[in-house]
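Q: Residue numbering for the sequence shown follows this note's numbering, beginning at 6 and increasing consecutively.
Beta carbons are placed, not taken as given, at the ideal position from N, Cα and C, and that holds for glycine.
Provided herewith is a single structure, encoded as structure tokens, for subsequent inquiry.
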Amino acid sequence: MNEPVKIVVVYQSLLGIYGDHGNGTVLTKRLVWRGIDAELVTVEPGRPVPDDGAVYLLGGGEDLAQIAAVRELKADGGLFRALDRGAVLFAVCAGYQICGRSFTVGDHDEVMEGLGLLDVTTRRGPRRAVGEILTRWERPDGSTSLITGFENHGGYTTLGPDARPFAQVELGVGNCGDGTEGAVQGRVIGSYPHGPNLPRNPALADHLLELALGTELGPLPNARISAELDELRRQRIAVARHSRNLAEDTRWLGERE
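Put into structure tokens, the structure is as follows:
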């Protein structure tokens, strides 16, 4: 009998203030809907991070939570062992930042060492990035898919030569206003959008699962669920684009005044 596919949410109490636990829920559901046994595990600080998971998830949090998470993860070592054996890590916002080489915290922008899983650095930006974000992600097969979400971050992230952008920004700030969003390095993906991200973007959820399992999953067997998800995506993309047009109109009126 095959073991269930293990989806691991890491340190929900530290890095889960934006509902990012939903990323774990949707990954588990999309496996179960296909008849694949899956197990959702939430690991809190002080408990060992299992090294036999398929996909690991880090979410958003505040400065002190970032510091605590880095300290705990380095001391535990389970996440590093899991990645060494081929697991996938999807990290959102603060989780994305701590995966880098360094990030800053506090009013004095103290530089903290990250986990070193992504060749990125994060520093305080000139303005906080808040609002709907819409990006275009190039899938492994060369096709593209829109990624919708909500960004809320004061840190701006720049990529080094070993990481590549995850997506290109159509609406929003993304990494640092340079037109890129997120970073990919090996089987580690960092991205800023909340929402949670994966329920809003089913193609990305399936990509993470396929990357972890090493096989193509194919469409969901339930056509009704697929149709409902497609309609929700259509509405979210429309709202994001409307928000952009509204912001542009408001700026134009301000210039006229």
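1. Could you tell me which of G27, G58, E143, G82 sits nearest to H212, measuring between CA atoms?
2. For I242, which residues of its own chain have a beta-carbon under 8 Å away from its beta-carbon, when the five flanking residues on both sides are left out?
3. Determine whether the beta carbon atoms of N28 and L62 lie at a separation below 8 Å.
4. For R76 and H158, I'd like the C-alpha separation in whole angstroms.
5. Would N7 be called buried (16 or more neighbouring beta carbons within 10 Å of its own) or exposed?
6. CA-CA distance, G177 and E118?
7. On the criterion of 16 or more Cβ atoms from any shown chain inside 10 Å, does D25 qualify as buried, or is it exposed?
8. Roughly how many angstroms separate the alpha carbons of R129 and E156, rounded to a whole number?
9. Which same chain residues end up closer than 7 Å to D124 when comparing Cβ atoms and leaving out the 5 residues on each side of it in sequence?
10. Touch check for the region 211-226 and the region 31-38: three-plus C-beta pairs under 8 Å?
11. Rounded to whole angstroms, what's the CA-CA distance from D81 to H247? Just pull it up for me.
12. Using a 10 Å radius around the Cβ and a threshold of 16 neighbouring Cβ atoms, would you call Q240 buried or exposed?
13. Give me the residue from V244, K11, S148 with the minimum Cα distance to I41.
14. Going by DSSP, what residues sit across from E115 in a beta bridge?
15. Enumerate in chain order the residues of its own chain whose CB-to-CB distance from L20 is below 7 Å, with the five nearest sequence positions on each side excluded.
16. Run through DSSP, which three-state label would I242 get?
A: Quick look at the numbers:
1. Position 207 of the sequence shown, counted from the first residue, corresponds to residue 212. Looking at the Cα atoms, E143 is the closest of the given residues.
2. The residue labelled residue 242 in the question sits at position 237 within the sequence shown. Excluding sequence neighbours, I242 sits near L139, L151, T153.
3. Along the sequence shown, one-based indexing puts residue 28 at 23. Along the sequence shown, one-based indexing puts residue 62 at 57. Taking 8 Å as the Cβ cut-off, N28 and L62 qualify as a contacting pair.
4. Here residue 76 corresponds to residue number 71 of the sequence shown, with the count starting at 1. Here residue 158 corresponds to residue number 153 of the sequence shown, with the count starting at 1. For R76 and H158, the distance between alpha carbons rounds to 21 Å.
5. Within the sequence shown, numbered from 1, the residue matching residue 7 stands at position 2. Exposed, by the Cβ-count rule.
6. By 1-based counting over the sequence shown, the position of residue 177 is 172. By 1-based counting over the sequence shown, the position of residue 118 is 113. Near 27 Å, if we compare the C-alpha coordinates of E118 and G177.
7. Numbered from its first residue, the sequence shown carries residue 25 at position 20. Classification for D25: buried.
8. Along the sequence shown, one-based indexing puts residue 129 at 124. Along the sequence shown, one-based indexing puts residue 156 at 151. About 15 Å.
9. The sequence position of residue 124 within the sequence shown is 119, counting from 1. Excluding positions up to five away in sequence, the list reads R106, L164, G165, P166, D167, A168, Q190.
10. yes
11. The count along the sequence shown starts at 1 and reaches residue 81 at position 76. The count along the sequence shown starts at 1 and reaches residue 247 at position 242. Looking at the two C-alpha atoms, the distance is approximately 45 Å.
12. Within the sequence shown, numbered from 1, the residue matching residue 240 stands at position 235. With fewer than 16 Cβ atoms within 10 Å of its Cβ, Q240 is classed as exposed.
13. What you label residue 41 is simply residue 36 of the sequence shown in a count that begins at 1. The shortest C-alpha separation from I41 is found at K11.
14. Reading the sequence shown from its first residue, position 110 is the one you call residue 115. V110, per the DSSP bridge assignment.
15. In the sequence shown, counting from the first residue as 1, residue 20 sits at position 15. Counting only Cβ-Cβ distances below 7 Å, and skipping sequence neighbours, we find L63, G64, G65, G66, A70, A74, A99, G100.
16. Position 237 of the sequence shown, counted from the start, is the residue given in the question as residue 242. Three-state result, I242: helix.
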